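**Student:**
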Amino acid sequence: GSGSEDLAYRMANAGYKVILTAVTHLYLDMAYNPSSGEPGQYWGGYVDIDKPFYFIPYNYLRIIKDDRTGKQLDPSVIKGRVPLTERGRANIVGIEAPLWAETNKTPADMEYKLLPKLLAVAERAWAKDPDWATETDQTKSDVLYGQAWSAFINVVGKRELPRLDTYAGGFQYRIPTAGAKIINGKVAANVQFPGMTIRYTTDGSEPTATSPAYTEPMDTAGPVKLKVFNAAGRAGRTVTISR
Numbered sequence: 003g004s005g006s007e008d009l010a011y012r013m014a015n016a017g018y019k020v021i022l023t024a025v026t027h028l029y030l031d032m033a034y035n036p037s038s039g040e041p042g043q044y045w046g047g048y049v050d051i052d053k054p055f056y057f058i059p060y061n062y063l064r065i066i067k068d069d070r071t072g073k074q075l076d077p078s079v080i081k082g083r084v085p086l087t088e089r090g091r092a093n094i095v096g097i098e099a100p101l102w103a104e105t106n107k108t109p110a111d112m113e114y115k116l117l118p119k120l121l122a123v124a125e126r127a128w129a130k131d132p133d134w135a136t137e138t139d140q141t142k143s144d145v146l147y148g149q150a151w152s153a154f155i156n157v158v159g160k161r162e163l164p165r166l167d168t169y170a171g172g173f174q175y176r177i178p179t180a181g182a183k184i185i186n187g188k189v190a191a192n193v194q195f196p197g198m199t200i201r202y203t204t205d206g207s208e209p210t211a212t213s214p215a216y217t218e219p220m221d222t223a224g225p226v227k228l229k230v231f232n233a234a235g236r237a238g239r240t241v242t243i244s245r
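Those letters in the sequence shown? Residues 3 to 245, per the working numbering, in order.
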């Protein structure tokens with residue numbers, strides 16, 4: 003809502019070569035989410051793997067829906083903003099996803115912020131506009147996006163992240179926390195990436211690689227600790243939920 007959301011397009015339309023690097027979708031040093039235990043910056047919003055994936059380089063005005071805190075914006079905020087013209091389209095020469103060195107203390111810290119978000123950046127930078135980005139009917143676009151997102155996240159979880167476990171000595175990419183909530187009085191959980199396993203405990207101890215795997219909502223009164231493990235046995239942060 004700053005009023006300059008269309009500046010990159012106005013510059014491209016005027017004949018200037020432009021590289022897009024939107025902080026809201028492409029700054030990799032932004033924290034994945036608002037959790038207090040999540041490292042990273044937050045002045046420009048929060049960036050998880052979905053943000054670069056649904057960035058539309060030739061029509062990013064279409065995806066401006068929230069402010070940097072995640073609060074929904076009034077559609078009037080972008081009303082009257084200048085769209086990209088055909089002439090301007092030729093002047094969009096790429097997208098860039100910065101990761102500022104001064105925000106990283108160790109190589110592992112850098113890899114955590116870089117991956118897996120960089121995979122979505124590559125998908126958007128090196129591929130043509132997906133069908134959902136050019137579909138003008140929003141309902142149809144949403145369906146197409148859901149299909150594309152499901153296919154992408156399955157490839158990432160089942161193929162690309164296991165490769166990163168061993169490639170070049172292995173990368174310390176971020177393993178997501180489990181999503182958890184109470185549904186019909188039971189503890190229900192899910193995980194962002196297919197191919198990863200949620201393990202849990204009900205005795206207050208930390209879940210380990212040998213703890214029971216979550217398979218269905220649990221009817222338990224005490225606190226449940228949940229942790230996501232990848233195929234190599236490395237884990238993300240623990241989340242705790244109680245009825």
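Beta carbons: idealized from backbone N, C-alpha and C, even for Gly. Owing to the predicted nature of the structure, the values given are computational and were not obtained by experimental measurement.
Straight-line CA distance for T141 to E208?
**Tutor:** T141 and E208: Cα-Cα distance of roughly 43 Å.
**Student:** Should I185 be labelled buried (16 or more other beta-carbon atoms within 10 Å of its own) or exposed?
**Tutor:** Exposed: under 16 other Cβ atoms inside 10 Å.
**Student:** Closest to Y114 by CA distance: which of A122, R126 and F173 is it?
**Tutor:** With distances taken between Cα atoms, Y114 lies closest to F173.
**Student:** Output the boundary residues of the beta strand (DSSP E) element that contains V79.
**Tutor:** No beta strand (DSSP E) contains V79, which DSSP labels as neither H nor E.
**Student:** Would you tell me roughly how many angstroms separate the C-alpha atoms of D167 and T71, rounded to the nearest one?
**Tutor:** Near 33 Å, if we compare the C-alpha coordinates of T71 and D167.
**Student:** Which residue's Cα is closest to the Cα of R89: F231, E218 and Y11?
**Tutor:** That would be Y11, whose Cα lies nearest to the Cα of R89.
**Student:** In this structure, does DSSP put Y169 in helix, strand or coil?
**Tutor:** In the structure shown, Y169 sits in a helix (DSSP, three-state: H, G or I).
**Student:** Can you give me the Cβ contacts of Y60 inside the same chain, cut-off strictly under 7 Å, excluding the 5 residues immediately before and after it?
**Tutor:** So the list reads L86, R91, I94 and D131, once near-sequence residues are dropped.
**Student:** Give the single residue among Y62, S244 and N156 whose Cα lies nearest to the Cα of T26.
**Tutor:** Nearest option by C-alpha distance: Y62.
**Student:** What are the boundary residues of the beta strand (DSSP E) that K115 is part of?
**Tutor:** Premise fails: K115 lies in the alpha helix (DSSP H), P109 to L116, not in any beta strand (DSSP E).
**Student:** Tell me G96's beta-bridge partners as DSSP assigns them.
**Tutor:** DSSP lists I21 as partners of G96.
**Student:** Look at the alpha carbon of N15 and the alpha carbon of R83, and state the distance between them as a whole number of angstroms.
**Tutor:** Straight-line Cα distance between these residues: approximately 13 Å.
**Student:** In chain order, what residues of the same chain lie with their CB nearer than 8 Å to the CB of G96, ignoring the 5 residues before and after it?
**Tutor:** So the list reads I21, L22 and A127, once near-sequence residues are dropped.
**Student:** Cβ atoms of I66 and E7: under 9 Å apart, would you say?
**Tutor:** It is a contact, given that the beta carbons lie within the stated cut-off.
**Student:** What does R201 pair with, by DSSP beta-bridge criteria?
**Tutor:** Bridge partners of R201: A215 and K229.
**Student:** With a CB to CB cut of under 7 Å and the five nearest residues on each side skipped, what residues in its chain are close to V158?
**Tutor:** So the qualifying residues of the chain are P118, L121 and F195.
**Student:** Which stretch, first to last residue, makes up the alpha helix (DSSP H) that contains A191?
**Tutor:** Where A191 is concerned, there is no enclosing alpha helix (DSSP H), although the beta strand (DSSP E) it sits in stretches over K188 to N192.
**Student:** Return the CA-CA distance between Y147 and Y175, expressed in angstroms with no decimal places.
**Tutor:** Spanning the two alpha carbons is a distance of roughly 25 Å.
**Student:** Using the three-state DSSP reduction, which class does G47 fall into: helix, strand or coil?
**Tutor:** Three-state DSSP puts G47 in coil, outside helix and strand.
**Student:** Quick test of your reading: N232 and I177, contact by CB under 8 Å. State the CB separation rounded to the nearest angstrom.
**Tutor:** Contact holds; Cβ gap of about 6 Å.
**Student:** Flag this pair as yes or no: are the beta carbons of V226 and T179 separated by less than 9 Å?
**Tutor:** It is not a contact, given that the beta carbons lie outside the stated cut-off.
**Student:** T242 bridges to which residues according to DSSP?
**Tutor:** DSSP, once it has assigned bridges, lists K227 as partnering T242.
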